[in-house]
Amino acid sequence: MDIFILLDKYKSQNIVLSLEQERELLARYIHSTNQLEGNNLTLAQTQSIIDNGEVSGDNIKTRDILEQKGTYKALIRMLKAVREQEPLSIELMKELNWLTVGTLFQDD
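Here is the structure:
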């Protein structure tokens, strides 16, 4: 089936996620993508970071926390750009990249 036909069918359903559902989907996405990059945080820890900015557990790396937080900030910014129909630009891509990884390169 053509991807555009599927997209049109999805749009025609006018599905609106609750804030809670959106946050859960973001947590799952962030956890999955960062896990591919070697991040060791669990889905529950990722959800905790999104919900209250805190995480608990043993042997947690600061880098893992910063990656989760950065990816979340970038996704929120990306969703805002989509909702406002902001054109994709080099500047937006740089901003999204910086939100994702910028804190990993800042001096303490």
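Residues 1157 to 1264 (my numbering) make up the sequence shown, in order.
Where is the CB? At the ideal position from N, CA and C, for every residue including glycine.
Of the candidates 1186, 1181, 1162, 1193, the residue whose Cα lies closest to the Cα of residue 1226 is 1186. 1160 is the residue among 1160, 1174, 1175 whose C-alpha sits nearest the C-alpha of residue 1168. Taking each of 1247, 1191, 1163, 1238 in turn and checking the Cα distance to residue 1224, the smallest one comes out for 1191. The DSSP-derived three-state label of residue 1244 is coil. The beta carbon of residue 1260 lies closer than 8 Å to those of 1219, 1222, 1223, 1226 in the same chain, with the five residues before and after it left out. Boundaries of the alpha helix (DSSP H) harbouring residue 1160: 1159-1168, taken from the DSSP string.
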